[in-house]
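**Student:**
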Amino acid sequence: MHMNFRKMMTLWCVLMLVFTTTVACSSQNTKSNGAQQAEQTNGTNVGTNTGTDGSGANDQLTPESGAKLIIWDGNDGTPFLKEIAKEFTEKYNIPVEVQEQGAPEQMQKMKTDGPAGLAADVLVLPHDNLSEAVAGGFVLPNDYFEEETRAEFQETAVNAVTKDGILYGYPRNMETYALFYNKELVTENDLSSWDNIISFSKKYNDPAKKKYGFMMQLNNFYFAYPFISGFNGYIFGNDNTNPDDIGLNNEGSVEGMKYFQAMREILPMEAADATTDVKTGLFQEGKLAINLDGVWNIGNFSSLPFEVGMVPLPKFPNGQQPDTFAGVKAYYVSAYSKYPNAAKLFARYVTSQEALLKNFEMTGFIPARKGMENEPAIKENEMVSGAIQQFEHSIAMPSIFEMQQVWPPIANALELIWKGEDVKTTLDNAVESIKQGIETLKK
């Protein structure tokens, strides 16, 4: 039966070629979702990569005849895209127009420009926009290159751009936070445990002169999450997919927040006063020794008059390594694209090892690809290496709709806990507020 089927398919292809010269029959294209991406081809098979560099010809995907692409990204990503678009056009003879469009604007414009046929073919979105994008029917699955993407990219990044088991994104870069430190003031031993950070800070602190050993944003759950994860607390059950199971007031979360609260001893200020601008300024002036902050500051901290290092967050006294939140930005193919094959080729091309290295060199975006830490340009940057180590102990921020109901109540709880309010009562109240918020979503 199998041989007969193959013979029938071969005969069908021959007949189709007799009656038309505009449609090419390619068994390779069955790897795409045929119903959703019915193809017009120009008869030219374009080699794409199944390996790591994006330049091999082990697999083939045929772009549509007359394909031309529009790509949206924010101002920090467009310089690279304009450069790589020239390469792509030269290689595949597919014109590419890059338009500056921030992520929030992209989501808004997809609702109107998508149905009107005016939207981009490829979007760049943070992973926490994925639920909305899927619910709106804005993006296509990453089906053709799914196997390669899952094999070649960091697991955290792949999970972040997957929704209900379906892979949608082509990961570009990851963002998280770790410990920046002034090498003139701090030794690696000072950073080897949270107890050591506290001990160092007690010796170094001089609040009257605005000198602090350690500082972080205190009322931002994004940065405070390690004090939950490091004590077996959690946000939602089933790997942050079950909003009916909230763990932010469980025994571990309470213990973690008590440890957080005790750190006021080394950071005697109101939570609202530990702003990004304040601590960035103090760190740049050499008054703040250890700064818990995001990898997006690497470029900013590379040109200071003193050498800056970056290391992952240490274990807590319970011996547990905390997870940080990770954000993942990725390319997505628009469901409204007239040229989905060409768009998939572009998304794959700009996430090749060479392209992501060039992107890193131009913008500082830390690639989400595996093995990039061995690239000389990355390996030689100690801060980037430290960030990549932290990625190994990070989880993607929950992207389900219900997560939006978590941020305000927990931010308020953090301020109250920092002031000295009872931890258990405060977390119980916050979780109740979260539950009420989630209920409003169901109405």
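Note that the working numbering gives residue 372 to position 392 of the sequence shown, counting from 1, and the numbers run on in steps of one.
No residue lacks a Cβ here, since even glycine has one placed at the ideal position from N, Cα and C.
Cutting at 6 Å between CB atoms, please list the residues of its own chain near Ile418, excluding the five before and the five after it.
**Tutor:** Same-chain partners within the cutoff: Pro223, Glu382 and Gln385.
**Student:** On the DSSP bridge list, what partners appear for Ile226?
**Tutor:** In the DSSP output, where bridge partners are listed per residue, Ile226 has Phe216.
**Student:** Please determine, among Asn280, Gly344, Asn271 and Ala204, the residue with the shortest C-alpha to C-alpha distance to Met377.
**Tutor:** Taking only the C-alpha atoms, the option nearest Met377 is Ala204.
**Student:** From Tyr316, Pro292 and Gly299, pick the residue whose C-alpha is nearest to that of Ala306; which is it?
**Tutor:** Ala306 has its Cα closest to that of Pro292, out of Tyr316, Pro292 and Gly299.
**Student:** Across which residues does DSSP place Tyr425 in a beta bridge pair?
**Tutor:** With the chain represented from -19 up to 423, any question about residue 425 goes unanswered, as that position is not in the structure.
**Student:** Assign Asp186 to one of three DSSP states: helix, strand, or coil.
**Tutor:** Correct three-state label for Asp186: strand.
**Student:** Can you grab the Cα-Cα spacing for the pair Gly232 / Ser314, in whole Å?
**Tutor:** Using only the alpha carbons, I get a separation of about 41 Å.
**Student:** Please classify Asn298: does DSSP put it in a helix, a strand, or coil?
**Tutor:** Three-state DSSP puts Asn298 in coil, outside helix and strand.
**Student:** Less than 8 Å between the CB atoms is what I'm expecting for Asn162 and Val288, so what's the real figure, rounded?
**Tutor:** Right, their Cβ atoms sit about 7 Å apart.
**Student:** Considering only residues of the same chain and omitting the five flanking positions on each side of Trp398, which have a CB-CB separation below 8 Å?
**Tutor:** Leu198, Asn199, Phe240, Gln241, Arg244, Glu250 and Ala251.
**Student:** Measure the C-alpha to C-alpha separation of Glu126 and Thr304 and round it to an integer number of angstroms.
**Tutor:** Distance between the alpha carbons of Glu126 and Thr304: 26 Å.
**Student:** Looking only at DSSP bridge pairs, what is Thr142 linked to?
**Tutor:** Bridge partners of Thr142: Leu147.
**Student:** For the alpha helix (DSSP H) holding Tyr391, just list the boundary residues, first then last.
**Tutor:** Checking the sequence, you will find Ala at residue 391 rather than Tyr. Residues Trp387 to Lys399.
**Student:** Going along the chain, which residues of its own chain have a beta-carbon closer than 6 Å to the beta-carbon of Ser379, five neighbours each way excluded?
**Tutor:** Contacts found: His107, Asp108, Leu110 and Ser111.
**Student:** For the stretch 302 to 384, list the alpha helix (DSSP H) runs that are entirely contained and at least 4 residues long, ordered along the chain.
**Tutor:** With a minimum length of 4 residues, the continuous alpha helix (DSSP H) runs that stay inside the stretch 302 to 384 are 320 to 329, 333 to 343, 356 to 359 and 362 to 371.
**Student:** Apart from the five residues just before and just after Ile390, which ones in its own chain have a Cβ nearer than 6 Å to its Cβ?
**Tutor:** Within the same chain, Ile390 has close Cβ partners Phe201 and Ala410.
**Student:** What do you reckon, are the CB atoms on Val427 and Pro151 nearer than 7 Å?
**Tutor:** This structure gives no information on residue 427, because the portion of the chain shown stretches from -19 to 423.
**Student:** Take the Cβ of Asn153 as the centre, count every other Cβ of all protein chains shown within 10 Å, and call the residue buried at 16 or more, exposed below.
**Tutor:** So Asn153 counts as buried.
**Student:** What is the DSSP secondary structure of Lys423, reduced to helix, strand or coil?
**Tutor:** Coil.
**Student:** With C-beta atoms as the reference, is Phe60 less than 7 Å away from Asn339?
**Tutor:** Yes.
**Student:** Report the rounded CA-to-CA distance for Ile246 versus Glu155, giving the unit in angstroms.
**Tutor:** If you take the alpha carbons of Ile246 and Glu155, they lie about 27 Å apart.
**Student:** For Gln442, report the span of its alpha helix (DSSP H) as first-last.
**Tutor:** Shown here, the chain extends from -19 to 423; a query on residue 442 therefore has no answer.
**Student:** Could you tell me which of Val119, Thr69 and Val114 sits nearest to Lys318, measuring between CA atoms?
**Tutor:** Cα-wise, what sits closest to Lys318 is Val119.
**Student:** Please work out which residues of its chain come closer than 7 Å, Cβ to Cβ, to Gln134, disregarding the five sequence neighbours upstream and downstream, and give them in chain order.
**Tutor:** If we look at Gln134 and ignore the five residues flanking it on each side, its Cβ neighbours are Met154, Ala348, Lys350 and Phe371.
**Student:** Give me, in chain order, the residues of the same chain whose beta-carbon lies closer than 6 Å to that of Thr136; leave out the 5 immediate sequence neighbours on both sides.
**Tutor:** Contacts found: Ala306, Ser374 and Ala376.
**Student:** For Gln116, which residues from the same chain have a beta carbon less than 7 Å from its beta carbon, with the 5 sequence-adjacent residues on both sides left out?
**Tutor:** The identity of residue 116 in the sequence shown is Gly, whereas the question assumes Gln. Cβ neighbours of Gly116 beyond the five flanking positions: Met90 and Lys91.
**Student:** Taking C-beta to C-beta, are Tyr311 and Val104 nearer than 7 Å?
**Tutor:** Yes, Cβ-Cβ distance for Tyr311 and Val104 is below 7 Å.
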